[in-house]
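The sequence shown maps to residues 4 to 1000 in the working numbering.
Using N, Cα and C, we set each Cβ at its ideal position, and we do this for glycine too.
Below is one structure; the comments refer to it alone.
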Amino acid sequence: MQSPVTGVIVDMDGTPLPGVNVFIKGTSIGTATDFDGNYSISANTGDVLIFSFVGFENQEVTVGDQQNIDISMTADYANLDEVVITGYGSTAKKDLVSSISQIKGDVLANQPVARVDNMLQGRAAGVNVVSTSGEPGAPAVIRIRGMSSINGNNSPLFVIDGFIAGTDFNLSNLNVNDVESIEVLKDASSLAIYGTRGAAGVILINTKSGKSVQEGKIDVSINHYSSIQEVYNYPEMADIGTWAEYWNEGVTLVPGPDGFGFNDPALADMATHAPNWQGITPTDWSGLITRNGRIDNTDVNISGNSKRSNYFISYNRFYQEGIIMGSGLERNSLRANIDLNITDKIRTGIRMNVTDRKQENNKVNWQGVYFNALPIMPVYNEDGSYNALNPVRGSYMRNPVADINERIDHNFVTNVIANAYVEADLLPDLTIRSSVGSNLNFNKANDYIGTIDPVRAQQGIGGKADVAFSRSTGFLNENTLTYTKDFGEHSIKVLAGYTMQKDTYTDVDAGGAGYANDVVTFNSLSLGADAARNIIGSDYRQRTFESILGRINYSFRDKYLLTLVGRRDGSSVFEQGNKYAFFPSVGAAWKIGEEDFMQDIDMISSLKLRGSYGIVGEQGVQAYNSLAKYNPRNVFFNQSISPAVILASLPSTGLDWEKTYQTDIGLEVGFENNRYSVEIDYYNKQTKDLLLAKPLPGTAGDTRLENIGQVENKGFEFTFNSVNIEKPDFVWSSNLQISANRNKVVSIGDAPFIDLRNPNHGQAGAAALRLVAGEVMPSFYGATYEGTYKSADEIIADGRDGVDLIGAPNYVDQNGDGNINDLDFVNQGSPQPDFYYGFRNTLTYKNFTLDVFFQGMQGNEVFDASIYEFYYGRDASFNLLPLVKDRWTPDNPTSDIPRAGTSAGGYRPNSSLNIVDGSYLRLKNVTLNYDFDTVPGLSFIESASVYLTGNNLLLLTNYKWGDPEVSDGGANTVAQGVADDQYPYASSVALGFRLNL
């Protein structure tokens, strides 16, 4: 017979705790304490009451004859019993021997971004995240403990609900608010279970289920936010008067064909008409193509839990208008996560996500807008047609407004990722599990440039259309056996498994050119009249993997932990004899805090020392590299030009896997019932047998891959968590992450260096990004800028002559040969930071919660590819920075800013002038949330919240020409840190609400 049970729940200091959950175990019956910590619940004798509250240990009490049960809750700030997902399993945080960072989904929720990866900055130690662009849906560069490959992959492996999705899975396919947790595997002990896929780290993304729902209950949740975005930190350009004076001066100082020159004599006195040349208001090009962006996001989900099943079903619509007109993203996704207990011993389930995306790609070169688009140029001609003529040079130029209005560039993507499993308890301690998963991706790309595009119209080449269809499929089957057993003071858990995976990719693309009108666009490619420019092509790739894996977890007295891992991987990309490799690891931990001699040290509540060593791998090679490759070319044979195929590369025989040997030592300490906790890691990664292209004699092809490189990464990671203040109505907690990685190229074979990229616009010469043995990967190389020549004596002392060089750039002649060229290039810095960090503070007062998150980098450099055109342009086709007002002139002879005209027809090397400090501190996010106790008149609403969130609200940096967070080379390339045609970033403010029914 039920009777009321009442009581008061307090913390360790006797302060009442409001909001503590009290429910009867195994039922959906429950309640919560009021503001004074009081509760009342009807229960039978023998029922078990569970008391739970965030930041405290759960307590269970069996109801007897008593009618009053008072509880004193014990704080557990670090929640060491919390489960952490590992590869092919899970374990309590306190039992980890590996270096794994966990990020809870509620930290990421309700942020106005399209992708999970863009939200990881500063959230996990050892994980360096750099956005590639502000364009809707743009990926981020993620580097876990540095870069370990030159030609291979440096992006982490994504595993989504147990499905190995690869390193290039498009995270735009996932709804951020579906994520339950993210685990980042960093050391060899955690990574070796993924063998050849784990050298760059592994990110496990686990989505929500219905397990957390109270048994017998159905939860319905609705979440919506709307966001406004705007461009920030936009580089200021010189006004039209400064521009006119500069170019008039350049013509005077450097006349003739090598000077700038003006096609229109009327332009010679532009300066006298500034700021409105010839009465024409300057064109605000950036204002014409940018707008306030907008994001609307809606989530609806339903979840439930019973003895036999649980489920989580969600729908998401994400819509974003980019801050550049004509760019945007629309996504609709549906997720179904279902688990069924068929019997007490047999379970099955599925995780499935279906996404449909429409991407409207950016159509303008952002750099070209503030670099090439001159304010004296009108958008339209007098007849209403688009202007495409630079009146200074008399040459064609891109018209940004026309690019937006007269071009179509869309991607349509459908993605289905699903993973189904069945598991059975063969014995009380033995479980078998089998899963089958698939990742299907269908993409259609439409690109059309219209006939009235001004450049095409003036050149008379007509419209151009391109259409591409691609399909990628991934199939994965995994089978595991897990044995768990306790033997007195000994515990053991053994995992054994077999997996196979097959990935295929195919595409067909075609294009038509010479369209006379814009009626059919890309819907009828055969109407393209310019047969010479009509194209058709196709591609097909396939690779397969096969693996055997195993892991042993052993514990003695719950103090001494040992983990042994091994995986034997096979890959189709290698030749026979080298297709398989074995990757082992060992990890151990000592829970020092559990020892008897630690029990009298009240200040320390937990203390663990752990270490690991192991080997993980990377293929570093594309499909079919074990075969000879040929390229089609035209050759002169028998007195005529004939088509032929030429050997491009020999079969890459004898290739082995790239291998990373990693050592990790970690210390975890908790103080005052884990109210304060510190985690410190040191790691050493040595990656050997890097696959590099070695040049061959011309008759043997161009290059051949060989295992000849080596790279080193060493670093420290520091994590600090604290509950600074805890009162009944006010809580303040903090989290700090600091990481430092030291990267070095150990060997690149016989080559003195490897050039990666030359972003110097219109200028031949050595690359700005290089790999050099003994230096950071990559390093910026260029001449050293010493300012301007101030006198003829300085010019003569440098072995040069000509008074026309006074006021010109002065570079250090490193080899003393009297010439400035590529031989004078030296190391000018690196895009790799000295350290990077994140700092989060959460303050809760009654129903209000304020979350403030800072993130930043220190010590990294940026190569600004446009600095020459901004600093001192080649000709009158380019805008200028305001600093040219202080340029060298006869009246300002001490300035180190070059005089007008110095680069005309001259050598413009990559130099230290391009290198700028990229350090920054960013107020990444601020969120203010209010939770309603009740919603008057709407009893069907169980809980409700409103929130206001802002992203990128403050940026402190020495970089003056945009955002220093640059990575225009893409997510996988080693050549990072170049600012060149970067889609601008936005600051945003969002207002939203959540309803639980």
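* Asked: In three-state terms, what does DSSP make of residue 887?
  -> helix
* **Extent of the continuous beta strand (DSSP E) to which residue 419 belongs** => 410 to 430
* Selection from 438, 616, 449, 237 that minimises the alpha carbon distance to residue 963 -> 237
* residue 748 versus residue 133 - alpha carbon distance -> Looking at the two C-alpha atoms, the distance is approximately 21 angstroms.
* To do: Assuming residue 1001 and residue 226 form a contact by the criterion Cβ under 8 angstroms, report the distance between their Cβ atoms to the nearest whole angstrom.
  => The displayed coordinates of the chain run from 4 to 1000. Any statement about residue 1001 would go beyond what the structure contains.
* Note down the Cα distance separating residue 464 from residue 517, rounded to an integer number of angstroms. => 6 angstroms
* Per DSSP, cross-strand counterpart(s) of residue 361 -> 333, 415
* To do: Closer than 7 angstroms by C-beta to residue 789: which residues in its own chain qualify, once you throw out the five before and the five after it? Chain order, please.
  => Once the five neighbours on either side are set aside, the close Cβ partners of residue 789 are 813, 814, 815.
* Taking the alpha-carbon positions, what's the residue 487 to residue 98 distance? -> Using only the alpha carbons, I get a separation of about 15 angstroms.
* To do: Measure from the alpha carbon of residue 542 to the alpha carbon of each residue in 627, 605, 603, then state which is nearest.
  => Checking every option, the nearest Cα to that of residue 542 belongs to 627.
* Asked: How many Å lie between residue 269 and residue 251 at the Cα?
  -> In this predicted model, residue 269 has a pLDDT of only 48, less than 50, meaning its place in the structure is not dependable; the value taken from the coordinates is given anyway. Cα to Cα, residue 269 sits roughly 12 angstroms from residue 251.
* **Nearest candidate by alpha-carbon position, reference residue 107, set 131, 78, 177, 183** => 183
* Going by the beta-carbon positions, is the gap between residue 989 and residue 233 smaller than 8 angstroms? -> yes
* Asked: Does the separation of the CB atoms of residue 771 and residue 913 fall below 8 angstroms?
  -> yes
* Short check: CB of residue 715 to CB of residue 695, under 8 angstroms? -> no
* To do: Starting from the Cα of residue 588, find the closest Cα among 840, 565, 305 and give me that residue.
  => 565
* Are there 16 or more other CB atoms within 10 angstroms of the CB of residue 616, so buried, or fewer, so exposed? -> buried
* Starting from the Cα of residue 927, find the closest Cα among 916, 952, 442, 712 and give me that residue. => 952
* Under 8 angstroms by Cβ, that's how I've got residue 103 and residue 186 pegged, so tell me the actual separation to the nearest angstrom. => 6 angstroms
* To do: Give me whichever residues DSSP pairs with residue 41 in a beta bridge.
  => 11
* In the DSSP assignment, find the unbroken alpha helix (DSSP H) run with residue 374 in it and report its ends. => From DSSP, the alpha helix (DSSP H) with residue 374 extends over 369 to 374.
* Residues bridged to residue 587 by DSSP? -> 569
* To do: Let me know if residue 896 comes out buried or exposed under the rule of 16 or more other beta-carbons within 10 Å of its beta-carbon.
  => exposed
* For residue 186, write down the residues that DSSP places opposite it in a beta bridge. => According to DSSP, residue 186 bridges with 105, 207.
* By Cβ distance below 8 angstroms, which residues in the same chain neighbour residue 61 in space, the five residues on each side in sequence not counted? -> 53, 54, 55
* **Outcome for residue 636 when other beta-carbon atoms lying within 10 angstroms are tallied against a minimum of 16** => exposed
* Asked: Helix or strand or just coil, what does DSSP make of residue 836?
  -> Residue 836 carries a coil assignment under DSSP once its states are collapsed to helix, strand and coil.
* Asked: Leaving out the 5 sequence neighbours to the left and right, which residues in its chain are closer than 8 angstroms to residue 901 when beta-carbon positions are compared?
  -> 791, 810, 811, 812, 874, 875, 890, 891
* Count the other CB atoms within 10 Å of the CB of residue 943; is the residue buried (16 or more) or exposed (fewer)? -> Classification for residue 943: exposed.
* To do: Please report how far the alpha carbon of residue 8 lies from the alpha carbon of residue 43, in whole angstroms.
  => 6 angstroms
* **Rounded Cβ spacing between residue 125 and residue 840 (contact assumed at less than 8 angstroms)** => 6 angstroms
* Excluding the 5 residues preceding and the 5 following residue 720 in the sequence, name in chain order all residues of the same chain whose CB lies nearer than 6 angstroms to its CB. => 128, 129, 684, 742
* Leaving out the 5 sequence neighbours to the left and right, which residues in its chain are closer than 6 angstroms to residue 553 when beta-carbon positions are compared? -> For residue 553, where only same-chain residues beyond five positions count, the Cβ hits under 6 angstroms are 499, 569.
* So who's on the other strand from residue 747, going by DSSP bridges? -> 715
* For residue 447, collect the residues of the same chain with a Cβ closer than 6 angstroms to its Cβ; drop the 5 residues on either side in sequence, then sort them by chain order. => Cβ within range, chain order: 415, 472.
* **Start-to-end residues for the alpha helix (DSSP H) that takes in residue 1053** => Missing from the structure shown is residue 1053; the chain here goes from 4 to 1000 and no further.
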